[in-house]
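Inspection log for the structure reproduced underneath, given as structure tokens.
Number of protein chains: 2
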Amino acid sequence: MEIGRRDILLGSAALLLAPGGSACAATDRPLGYAIVGLGYYGLNVIIPQFVNCTHSRLAAVVSGDRAKAQRVAREHGLSDKAIYSYADFDTIRDNPDVDIVYVCLPNGMHAEYTIRAARAGKHVLCEKPMAISVAECEAMIAACRKADRKLMIGYRCHFEAHNLEAMRLARSGAAGKIRYVRSEHGFVQRDPTKWRLKRALSGGGSLMDMGIYSLQAARYMTGEEPVAVTARESTDRRDPRFTEVEDMIDWTLEFPSGAMAGCLSMYSANQNRILLMGDTGRIELEPATRYDGNEMWTGKDGRERKIVPPPGPAKTQFAGQLDHMAQSVRRGQEPIVSGEEGLRDMRIVEAIYRSAREGRTIRL
Amino acid sequence: MEIGRRDILLGSAALLLAPGGSACAATDRPLGYAIVGLGYYGLNVIIPQFVNCTHSRLAAVVSGDRAKAQRVAREHGLSDKAIYSYADFDTIRDNPDVDIVYVCLPNGMHAEYTIRAARAGKHVLCEKPMAISVAECEAMIAACRKADRKLMIGYRCHFEAHNLEAMRLARSGAAGKIRYVRSEHGFVQRDPTKWRLKRALSGGGSLMDMGIYSLQAARYMTGEEPVAVTARESTDRRDPRFTEVEDMIDWTLEFPSGAMAGCLSMYSANQNRILLMGDTGRIELEPATRYDGNEMWTGKDGRERKIVPPPGPAKTQFAGQLDHMAQSVRRGQEPIVSGEEGLRDMRIVEAIYRSAREGRTIRL
Numbered sequence: 002m003e004i005g006r007r008d009i010l011l012g013s014a015a016l017l018l019a020p021g022g023s024a025c026a027a028t029d030r031p032l033g034y035a036i037v038g039l040g041y042y043g044l045n046v047i048i049p050q051f052v053n054c055t056h057s058r059l060a061a062v063v064s065g066d067r068a069k070a071q072r073v074a075r076e077h078g079l080s081d082k083a084i085y086s087y088a089d090f091d092t093i094r095d096n097p098d099v100d101i102v103y104v105c106l107p108n109g110m111h112a113e114y115t116i117r118a119a120r121a122g123k124h125v126l127c128e129k130p131m132a133i134s135v136a137e138c139e140a141m142i143a144a145c146r147k148a149d150r151k152l153m154i155g156y157r158c159h160f161e162a163h164n165l166e167a168m169r170l171a172r173s174g175a176a177g178k179i180r181y182v183r184s185e186h187g188f189v190q191r192d193p194t195k196w197r198l199k200r201a202l203s204g205g206g207s208l209m210d211m212g213i214y215s216l217q218a219a220r221y222m223t224g225e226e227p228v229a230v231t232a233r234e235s236t237d238r239r240d241p242r243f244t245e246v247e248d249m250i251d252w253t254l255e256f257p258s259g260a261m262a263g264c265l266s267m268y269s270a271n272q273n274r275i276l277l278m279g280d281t282g283r284i285e286l287e288p289a290t291r292y293d294g295n296e297m298w299t300g301k302d303g304r305e306r307k308i309v310p311p312p313g314p315a316k317t318q319f320a321g322q323l324d325h326m327a328q329s330v331r332r333g334q335e336p337i338v339s340g341e342e343g344l345r346d347m348r349i350v351e352a353i354y355r356s357a358r359e360g361r362t363i364r365l
Numbered sequence: 002m003e004i005g006r007r008d009i010l011l012g013s014a015a016l017l018l019a020p021g022g023s024a025c026a027a028t029d030r031p032l033g034y035a036i037v038g039l040g041y042y043g044l045n046v047i048i049p050q051f052v053n054c055t056h057s058r059l060a061a062v063v064s065g066d067r068a069k070a071q072r073v074a075r076e077h078g079l080s081d082k083a084i085y086s087y088a089d090f091d092t093i094r095d096n097p098d099v100d101i102v103y104v105c106l107p108n109g110m111h112a113e114y115t116i117r118a119a120r121a122g123k124h125v126l127c128e129k130p131m132a133i134s135v136a137e138c139e140a141m142i143a144a145c146r147k148a149d150r151k152l153m154i155g156y157r158c159h160f161e162a163h164n165l166e167a168m169r170l171a172r173s174g175a176a177g178k179i180r181y182v183r184s185e186h187g188f189v190q191r192d193p194t195k196w197r198l199k200r201a202l203s204g205g206g207s208l209m210d211m212g213i214y215s216l217q218a219a220r221y222m223t224g225e226e227p228v229a230v231t232a233r234e235s236t237d238r239r240d241p242r243f244t245e246v247e248d249m250i251d252w253t254l255e256f257p258s259g260a261m262a263g264c265l266s267m268y269s270a271n272q273n274r275i276l277l278m279g280d281t282g283r284i285e286l287e288p289a290t291r292y293d294g295n296e297m298w299t300g301k302d303g304r305e306r307k308i309v310p311p312p313g314p315a316k317t318q319f320a321g322q323l324d325h326m327a328q329s330v331r332r333g334q335e336p337i338v339s340g341e342e343g344l345r346d347m348r349i350v351e352a353i354y355r356s357a358r359e360g361r362t363i364r365l
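Chains A and B, in that order, are what the protein sequence lines are. Counted the way our numbering counts, the first sequence spans residues 2 to 365. Counted the way our numbering counts, the second sequence spans residues 2 to 365.
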């Protein structure tokens, strides 16, 4: 492990601070995470992953449900001091055991809790989408910069073995000149009471949920930033699930090389797929971005050869993500999927909605 | 075989006409086809298919290459009287052995030869795309109507077992409510001298070639007519192949039910695929529209179950198409893929080009 001079200085300085400071940077002890939000993702997906981590451990939980928080704390050997409500969240600044706050809340709460965490002196890992507007993303980046804290977005596919191998193959020219990337993500959203269907909490429909995977894939498979977007939406507004947010949205991105991407997200059919077409071959992932069980193929014209990718950076994509943030904090380096990466996506998301609304191509 | 009163009347009338009339309608003898154009498709794909036909036979060839035409005629037991040049094509009116003219010429010549064939009293099967403009399509339909001749477009997928079974499954609700159809067709067009790259002959690039398959699939899989189209194009105009026509074009169709279709055609990557996503399952074909070797799957969320479709209406899709036209002529019925069907596609094609050019959604 490489430790820069600045890390040591910060670590040394931190050692002098008690009790609010953090001594993490100078040692190899796993960094402590506070999980904010004990919904499905935080509770059932993220917390069980700390056993797979090398550099990360669970240090605190933040929840509006005291009984649930106490149960989780007990199960993970945390004391009652490691439990926070949303009201007393800011006192987390006084807990030296917490290095990083992981925001697993609904999208509409990301900005508030990221900014409060940064002001409490904590580094922040925030779930995707980063927030519900460009303005919020900019405020989050500014808050973390002002507090000199790292900010990372939970783009787990950057730690997932199949997606990493697909990116490597695409960059190495395995499919020739990249011409088109297709990415489709959707599932049948059945429950009209889900927070994801309430605009104030979600910021939008399938695009803010599964669509972020399609958009990310278009960018990390081409390795380019889009210069134009053209989008169309189809939503049955009489359907009680879709009174506030969109069901299906389809968009085309244009890249400087001349490559294009066609992306889709929807709440009315199951789909999980990434396909890159080059002039000499193709790279396909299906399922592409699941928690596990992803599969990939390369071929000239179909699914000719199944690829078993080399292992990712950790036992699971989730552990890889948690440990990457911990290592970034320790080394004083920017995470590979920083707040700026989340902001880039949100700029495109706003353009997608605008294009669909106005019925025209939007230059980025 | 059902013979309507009008067929018998026409047949009887025709029997009284000699030598220009046709006696086909009242008998079961296979109808005679003149193949116009001995390029790859006419010569290597269509002519070898008459052995698979029940109601169709080769009766004449039309070519600018006399030696080639003579060789083909000899191989198929035709006399020199069954050979026409483009200059003397109109004298085909005097050949009672020819019932149907099959136009296998470059797109830019479809209108002229369809209209000349109709004026010569022949029924017409014309390759897709029907022509290179809506105006041409309308003139072709008018000419055939005026001559009381049938006009069919060579949409062979309507006679291909996998595509027929996919349409049947889609209509029967096998995938639930249809939400999205994806259709991608492309190949690497390597030879810059191909007529398909010359605008005067082709009318356009990949859209006028492979894109017609994507467009057709979007329509026959949804069973709906689009109400709006939004398209984007990407072409490297410095590439000697693409000085006159487009390489890649991507378009989205919106249907009255709220379903959408995302279509792609390109000359810079190989792809041949149709995918229908419904709210309870999906139907996938890949390859989807090849001359042979097509495959299909149904599933909830991936390629779970391979489908072996029941046989199509004839030994091959080509024989099915030839015999359908022969039967339509005999029965005095409109072919299932008539000139109006070709015109519908061409209206959308013009809207696709216009949308890509203007950067906005075009209402149909």
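Every residue, glycine too, gets a C-beta built ideally from N, C-alpha and C.
Buried or exposed by the 16-neighbour rule on C-beta atoms within 10 Å, applied to residue i
i: Y41 (chain A); result: exposed
i: I86 (chain A); result: Position check: residue 86 (chain A) holds Ser in this sequence, whereas Ile was assumed. So S86 (chain A) counts as exposed.
i: M2 (chain A); result: In this prediction, M2 (chain A) scores a pLDDT of 34, lower than 50, which makes its location untrustworthy; the coordinate-derived value is nonetheless stated afterwards. Looking at its Cβ environment, which holds fewer than 16 other Cβ atoms inside 10 Å, M2 (chain A) is exposed.
i: D89 (chain A); result: exposed
i: I337 (chain A); result: exposed
i: K307 (chain B); result: exposed
i: K301 (chain B); result: exposed
i: L17 (chain A); result: Legend: pLDDT at L17 (chain A) = 34, less than 50; position of this residue unreliable, no value from coordinates given.
i: K147 (chain A); result: exposed
i: T194 (chain A); result: exposed
i: S80 (chain A); result: exposed
i: A60 (chain B); result: buried
i: Y119 (chain A); result: The displayed chain sequence assigns Ala, not Tyr, to residue 119 (chain A). Label assigned to A119 (chain A): buried.
i: K151 (chain B); result: buried
Residue interval of the alpha helix (DSSP H) (run including residue i)
i: C158 (chain A); result: Where C158 (chain A) is concerned, there is no enclosing alpha helix (DSSP H), given that its DSSP letter is neither H nor E.
i: Y354 (chain A); result: G340 to E359
i: C127 (chain B); result: That residue, C127 (chain B), is in no alpha helix (DSSP H); its beta strand (DSSP E) goes H124 to C127.
i: D324 (chain B); result: Q318 to R332
i: I142 (chain A); result: V135 to K147
Short CB-CB distance (under 8 Å) between residue i and chain B
i: E341 (chain A); result: no
i: N164 (chain A); result: no
i: E255 (chain A); result: yes
i: S235 (chain A); result: yes
i: K195 (chain A); result: no
i: G294 (chain A); result: no
i: M366 (chain A); result: This structure cannot speak to residue 366 (chain A), because chain A is shown only from 2 to 365.
i: K301 (chain A); result: yes
i: M211 (chain A); result: no
i: R157 (chain A); result: no
i: Q205 (chain A); result: Note that residue 205 (chain A) is Gly in the sequence shown, not Gln. So, not an interface residue.
Residue span of the beta strand (DSSP E) that contains residue i, given as start and end
i: D110 (chain B); result: At residue 110 (chain B) the sequence reads Met, which differs from the Asp that was named. Taken as a continuous stretch (DSSP letters only), M110 (chain B) belongs to no beta strand (DSSP E), as it is neither H nor E.
i: R306 (chain A); result: R306 to I308
Chain A within 8 Å of residue i, Cβ atoms only
i: K307 (chain B); result: no
i: Q190 (chain B); result: no
i: S269 (chain B); result: yes
i: Q272 (chain B); result: yes
i: R263 (chain B); result: Looking at the sequence itself, residue 263 (chain B) is Gly, so the reference to Arg does not match. It does; some Cβ of chain A falls within 8 Å.
i: A136 (chain B); result: no
i: Y181 (chain B); result: yes
i: G22 (chain B); result: Summary for G22 (chain B): the model assigns pLDDT 37, below 50, so the residue's position carries little reliability; its value from the coordinates is reported in the next sentence. It does not: the Cβ of G22 (chain B) has no partner Cβ on chain A nearer than 8 Å.
i: A27 (chain B); result: The predicted position of A27 (chain B) is uncertain, since its pLDDT is 48 and thus under 50; a value taken from the coordinates is nonetheless stated next. Output row for A27 (chain B): interface = no.
i: R242 (chain B); result: no
i: M249 (chain B); result: yes
Beta bridge counterpart(s) of residue i as assigned by DSSP
i: Q272 (chain A); result: A:G187
i: Y181 (chain B); result: B:M261 and B:M278
i: I101 (chain B); result: B:Y34 and B:H124
i: I84 (chain A); result: A:V62
i: A70 (chain A); result: Bridge partners of A70 (chain A): none, in fact.
i: R283 (chain A); result: A:M278 and A:G300
i: D251 (chain A); result: A:R233 and A:L265
i: M153 (chain A); result: A:L126 and A:S339
i: S57 (chain A); result: A:L32
(request) Could you tell me which uninterrupted alpha helix (DSSP H) segments, each at least 4 residues in length, are contained entirely in the segment 188–217 of chain B, listed from first to last along the chain? (result) 200–203 and 207–210
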